[in-house]
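Residue numbers (UniProt numbering): 1 to 537. Yeah, the Cβ is synthetic: ideal placement off N, Cα and C, and Gly gets one too.
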């Protein structure tokens, strides 16, 4: 029975549809946006009866403790309000560890309702008795058939549940589109090699030549005839034939200095072979996006002339992913505040990369800017400020508040920077002139990968040890890998809070394995050093 107040709060009767199945069975609600996920979760728990709190109460308290430990003492206020009722939201604004805890609690039946975005539909195996689609949209885009199938496919998974149902909530204006969606066949699958100015095609051509799979134009043509694009070519590119597309791609790579073509004269026959240049090899070995490889090379060259090493800021700027700058919109007041907290040498970094102090000051005070400054560079420096603060504070919560970004976005930036730094390292390893970056980046990659105080890194190399656990172990006197390898699991369980006997045994055995691997590697090095040369004069 809906009162007039409840009718206003929940015109689509989501609460009625949910309470038909929870807490006995599980339910998923797919929402178009992240904000909508949070709002629906809050709204549902406001109107649920108090009896819902009694269901698996202790397990819910354990989940809250776990989330508190993941967040270094902080828990999202919405989750604090919804979890006692067995409800949570799930989207990219949460950190990976928070998402994992919520998924595990849902699988164990501790949580019976998750409000989520479309990202949960693919990849995570979370079935439900009832799936509700809040609207036929993903953000502002109308649902595609394959997305719809993915979402409703969560309902009543074979072998896991005996029944399942899906409900799609539709407004009058979308009725016709939804009827077409439900009755239409799945979309066709097309080759993506020609998307984004044929970026995929050029990347494939570079790898083919680099890996010596194809070293002549004929061999390249032959290879591409057997790809999906080769079969769909007439459908996807009416203006150009496949051989013209390949010719354009190869010429573009030669023009960028990634490939070269050499002509060999043999028995009056001339033969053209394609070879990869050092820059081309560095690009494909480092998996660098072709759109940025020349820019990366120029920036690393420029860095050699005056790399500021007083702190990690300049290096962080060089490994801040290019592809994240387009979605970044800096808060200018925060930008200026962060800039003013830098030392003189660090402020010089901003000037070196092309973002003068006057530009940030004018933007923050809303003044007109006459001088043109590259937006991508400005955004990239802002993101490197986020990373720099993160490495100093090692707390995603405080940094996300400081920069007014979601925790998930900050963590995504950190993970992307760690993997891009690794790509840049492989890129530098192929180019002799960048020898100096090798040592600098190796250390930085460790910091970005673990994002903890340096003393905790050896402990976090052990499987199953995350930041909160590493802090507990360090504070309890387990400060090195050897301490863990020779620890007594029973003692660990006594001194470390919330550590099960199974986890303790796993940590000790992982540490032993890692220690013996490191010892073996050193032993091999010793044997190599002591080996008697066979060619002694």
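I want to see whether chain D comes within less than 9 Å of residue 279, judged by CB atoms only; does it? You won't find chain D in this structure, because it holds only one protein chain.
Measure the C-alpha to C-alpha separation of residue 183 and residue 145 and round it to an integer number of angstroms. One C-alpha to the other measures close to 9 Å.
Checking 9 Å against the spacing of the C-beta atoms, do residue 427 and residue 199 come in under that value? Against a cut-off of 9 Å, the Cβ pair of residue 199 and residue 427 comes out as no contact.
Looking only at its chain, what residues have a beta carbon closer than 7 Å to the beta carbon of residue 45, apart from the 5 residues adjacent to it on each side? Closer than 7 Å at the Cβ level, and outside the excluded window around residue 45, lie 81, 82, 85, 87.
Got a sec? Which residues, its chain only, sit under 7 Å from residue 154 by beta carbon, not counting five neighbours each side? For residue 154, the CB contacts under 7 Å within the same chain, skipping 5 residues up- and downstream, are 28, 121, 126, 127, 128, 131 in chain order.
Segment limits, beta strand (DSSP E) that includes residue 166: Start and end: 165 to 168.
According to DSSP, what are the bridge partners of residue 535? Residue 535 pairs with nothing; no bridge assigned.
Ordered along the chain, which non-local residues of its own chain (more than five positions away) have a Cβ less than 6 Å from that of residue 163? Non-local beta-carbon contacts of residue 163 in its own chain, meaning distances under 6 Å to residues more than five positions away in sequence, involve 156 in chain order.
Under the rule that 16 or more other beta-carbon atoms within 10 Å means buried, what is residue 501, buried or exposed? By the neighbour-count rule (16 or more Cβ atoms within 10 Å), residue 501 is not buried but exposed.
DSSP on residue 271, reduced to helix/strand/coil? Of the three classes helix, strand and coil, the one that applies to residue 271 here is strand, per DSSP.
So the beta strand (DSSP E) residue 129 belongs to, where does it begin and stop? Note, residue 129: premise wrong, no beta strand (DSSP E); not H, not E.
If you follow the beta strand (DSSP E) that residue 225 is in, where does it begin and where does it stop? Note, residue 225: premise wrong, no beta strand (DSSP E); alpha helix (DSSP H) at 217 to 225.
Residue 245 versus residue 306: straight-line alpha-carbon distance, rounded: Cα to Cα, the separation comes out at about 41 Å.
What does the Cβ neighbour count give for residue 345, buried or exposed, with the cut at 16 atoms within 10 Å? With fewer than 16 other CB atoms across the displayed protein chains lying within 10 angstroms of its CB, residue 345 is exposed.
Euclidean distance between Cα positions of residue 5 and residue 11: Approximately 10 Å between the Cα atoms of the pair.
Skipping 5 residues on each side, what residues in its chain have a beta carbon closer than 8 Å to that of residue 391? The beta carbon of residue 391 sits closer than 8 Å to those of 312, 316, 447, 448, 451, all from its chain and outside the five residues before and after it, given in chain order.
So, do the stretch 193 to 212 and the stretch 220 to 229 have three or more beta carbon pairs nearer to each other than 8 Å? Touching, per the Cβ criterion.
Quick check: the Cα distance between residue 461 and residue 310, rounded to an integer number of angstroms? Roughly 27 Å separates the two Cα atoms.
Can you name the residues that DSSP bridges to residue 115? Answer is 29, 89.
Would you kindly check if the distance between the Cβ of residue 116 and the Cβ of residue 30 is under 9 Å? Yes, these two residues count as a Cβ contact at 9 Å.
Straight-line CA distance for residue 359 to residue 329? In a straight line, the C-alpha of residue 359 is about 15 Å away from that of residue 329.
Below 8 Å, can you find three or more Cβ-Cβ pairs linking the stretch 351 to 358 to the stretch 393 to 403? The stretch 351 to 358 vs the stretch 393 to 403: no contact.
In whole angstroms, what separates the C-alpha of residue 538 from that of residue 142? Since the displayed the chain opens at 1 and closes at 537, residue 538 lies outside it and no answer follows.
8 Å contact criterion, which residue 191 and residue 228 should meet: CB distance rounded: Yes, residue 191 and residue 228 are in contact; Cβ-Cβ is about 4 Å, under 8 Å.
Under 9 Å between the Cβ atoms of residue 224 and residue 204? A contact, by the Cβ cut-off of 9 Å.
Give me the Cα-Cα distance between residue 180 and residue 189, rounded to the nearest whole angstrom. The alpha-carbon atoms of residue 180 and residue 189 are separated by roughly 19 Å.
DSSP three-state call for residue 238: helix, strand or coil? Coil.
Using 10 angstroms around the beta-carbon of residue 534, count the other beta-carbons present and answer buried if the total reaches 16, otherwise exposed. Residue 534 comes out exposed.
Spatial neighbours of residue 332 within its chain, please: C-beta separation below 6 Å, excluding the five flanking residues on both sides. Counting only Cβ-Cβ distances below 6 Å, and skipping sequence neighbours, we find 363, 364.
Boundaries (first-last residue) of the alpha helix (DSSP H) holding residue 339: Residue 339: member of the alpha helix (DSSP H) spanning 332 to 340, first to last residue.
Going by DSSP, what residues sit across from residue 138 in a beta bridge? Looking at the DSSP assignment, residue 138 forms a beta bridge with 141.
Whose C-beta lies closer than 8 Å to the C-beta of residue 254 among residues of the same chain, with five residues either side of it excluded? Excluding residues within five positions, the ones whose Cβ falls inside 8 Å are 260, 261.
Closer than 7 Å by C-beta to residue 321: which residues in its own chain qualify, once you throw out the five before and the five after it? Chain order, please. 416, 417, 420, listed in sequence order.
Which residues DSSP lists as bridging residue 260, in chain order: For residue 260, the pairing in a beta bridge is given by DSSP as 275.
Which listed residue (465, 194, 136) has its alpha carbon closest to that of residue 172: With distances taken between CA atoms, residue 172 lies nearest to 136 out of 465, 194, 136.
Using the C-alpha atoms, what's the distance from residue 425 back to residue 297? For residue 297 and residue 425, the distance between alpha carbons rounds to 12 Å.
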